[in-house]
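At position 35 of the sequence shown the residue is numbered 39 (our numbering), and the sequence of numbers has no breaks.
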Amino acid sequence: VPPLWEKNNLFTNFDPTVYDPAKRVSLYQPALAGGQRRARNPITGETGPAVLIGAIVPGVGDPSNGIVRAGQNGVPRGLIENRGPQWGPRFGLAYAINNRTVLRAGGGVFYERIATSAIGYTTNFLTNPPDVQLSQMFYGNLSSIAGSAGTLFPLQIVQVSPDGHVPTTYNFSLGVQRELPLGVLMDVSYVGTQSRHLTEFQPFNALPFGSAWLPQNQDPTRTATTDGSSALPPNLYRPYPGYGGGQAAAGQSATGKYGFGGSTNYNGLQVSANRRAGRGLQFGASYTWSKALGTSTGHLTDTRGANYGLLGLDRSHGLTFNYIYDIPSLVRPGSALDN
5 VPPLWEKNNL FTNFDPTVYD PAKRVSLYQP ALAGGQRRAR NPITGETGPA VLIGAIVPGV
65 GDPSNGIVRA GQNGVPRGLI ENRGPQWGPR FGLAYAINNR TVLRAGGGVF YERIATSAIG
125 YTTNFLTNPP DVQLSQMFYG NLSSIAGSAG TLFPLQIVQV SPDGHVPTTY NFSLGVQREL
185 PLGVLMDVSY VGTQSRHLTE FQPFNALPFG SAWLPQNQDP TRTATTDGSS ALPPNLYRPY
245 PGYGGGQAAA GQSATGKYGF GGSTNYNGLQ VSANRRAGRG LQFGASYTWS KALGTSTGHL
305 TDTRGANYGL LGLDRSHGLT FNYIYDIPSL VRPGSALDN
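This is the structure we're talking about:
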């Protein structure tokens, strides 16, 4: 299934390879003037009200630096590459070792459509700049709204990786079935699953760990502290000036990047014994010893290994019992009550 696209090519995305540092915007910096905290234009040195600290200096750089539009300059209409048909082989094998024992094996490759609803195509990529610009007005009134250009601050944007890898799952199993006395069928199997290219949400434009304590990131208008509270506003030292940043969470409306690098795996030993029928009694029992591991969403790219571990759905041990007992009839067969 091809990626979702918008007929008027209104989707926009951020592409780091297109971002030009020479066109980056400048932001008002905090400064002291006359003993008061003010916003300083780093280009001209002029100062203004403190409410402008962190705002984009007008006329400097490109506020849409790095933004690309769907259907233009080689950008796919759906923002991600169309991978086309995928090869999904499956196989199965059953071999009778003797008249009571069977060896079974199987495997297959399965694909899942990229979850465009979870990524938020109809919201996130229609509200990226330049189509949406949020400006604020200070010290104005209703009569001056029409003639005011407003003040732009760094925007929260959402990015998607253009590679568009298709989420893929590999299933495989190997087991032995043995008929035991009293009509009991026992099954011992290894079952495994490997999932690759899963959709995940990562922070984009996030601050490096410890950056709030670096000398170059300290606010000269505040008293130095050791807890990081004297640092500059975060948007003033992000990797991409002019854009916000935030912690990643699935479905969160914040600056982040959807990628296809998530992976999980499941490995389990499954043992079961079932007595299908006999003298009105059927029963079964099963035991599973397994482990489910994977990467969690929201990790920074340089801490991926630290986010690999047990998944929330992991259950190391599982034991179940079941039975069906056919209660003997107290009614003579063939009578009117024998229903």
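A virtual CB, placed ideally from N, CA and C, is assigned to each residue, including glycine.
query, result
"Integer-rounded CB distance, given that T155 should sit under 8 angstroms from Q137", "Not quite, the Cβ-Cβ distance comes to about 11 angstroms (not below 8 angstroms), so this is no contact."
"As assigned by DSSP and simplified to three states, the class of V61", "coil"
"I123 burial status per 10 Å Cβ neighbour count (16 or more: buried)", "buried"
"heavy atom of the ligand MN below 7 angstroms from S193 C-beta", "The ligand MN is absent from the structure shown, which contains no ligand whatsoever."
"Buried versus exposed call for R42 [16 or more other C-beta atoms within 10 Å across all chains shown]", "buried"
"P25 in three-state terms, based on DSSP", "helix"
"Those runs of the beta strand (DSSP E) which lie wholly inside the segment 83 to 157 and span at least 3 residues", "94 to 102 and 105 to 115"
"Nearest to S199 (by Cα), restricted to the options P237, T268, Y262 and A277", "T268"
"Neighbour-count burial assignment, I84, 16 or more Cβ in a 10 Å radius", "buried"
"One or two residues paired with F287 in a DSSP bridge", "R279 and Y327"
"Distance between G39 and T3 (C-alpha atoms, nearest Å)", "No statement about residue 3 is possible, as the shown extent of the chain runs from 5 to 343 and does not include it."
"Cβ neighbours of P25 in the same chain (closer than 7 angstroms, five flanking residues each side left out)", "none"
"Straight-line Cα distance separating S215 from P93", "49 angstroms"
"Beta strand (DSSP E) segment containing N175, residue limits", "T172 to L184"
"Contact belief for V192 with V180 at Cβ below 8 angstroms, rounded distance in angstroms", "5 angstroms"
"Beta-carbon proximity of P34 to D223, cut-off 8 angstroms", "yes"
"Inter-stretch contact (C-beta, 8 angstroms, three-pair minimum) for the segment 47 to 61 and the segment 9 to 20", "no"
"Status (buried if at least 16 other CB within 10 Å, exposed otherwise) for V4", "Any question about residue 4 goes unanswered here, given that the chain covers just 5 to 343."
"Residue of Y244, P243 and W217 minimising C-alpha distance to D231", "W217"
"Top-ranked residue by Cα proximity to L202, from Y174, A59 and F15", "Y174"
"Contacting residues, own chain, Cβ-Cβ under 6 angstroms from N401 (five flanking each side not counted)", "Because the chain in this structure spans residues 5 to 343, residue 401 falls outside the shown range and cannot be described."
"Which of helix, strand or coil DSSP assigns to P238", "helix"
"Rounded C-alpha distance that separates D318 from K295", "6 angstroms"
"Residues that V72 bridges to, as DSSP identifies them", "N17"
"Spatial neighbours of Y399 in its chain, beta-carbon cut-off 6 angstroms, leaving aside the 5 residues before and after", "Nothing can be reported for residue 399, as the shown portion of the chain is limited to 5 through 343."
"Nearest neighbour of P207, chosen from P219, Y194, R242 and S233 [CA to CA]", "R242"
"Classification of A310 by the beta-carbon crowding that lies within 10 angstroms, buried from 16 upward", "exposed"
"Local Cβ density within 10 Å of W9, reported as buried at 16 or more and exposed below that", "buried"
"Buried versus exposed, by CB contacts within 10 Å (16 or more), Q261", "With the sequence shown as reference, residue 261 is identified as Lys, and Gln is not the correct amino acid for it. So K261 ends up on the buried side."
"Contacts around G96, its chain only, beta-carbon distance under 7 angstroms, and the 5 residues preceding and following it disregarded", "G110"
"Simplified DSSP assignment, three categories, for N311", "helix"
"Residue nearest to Y143 in terms of C-alpha spacing, selected from P134, Y244, Q76 and P53", "P53"
"Same chain only: Cβ atoms within 7 angstroms of R182, ignoring 5 sequence neighbours per side", "R104, T105 and M190"
"Anticipated Cβ contact below 8 angstroms, Q90 with V170, distance rounded", "6 angstroms"
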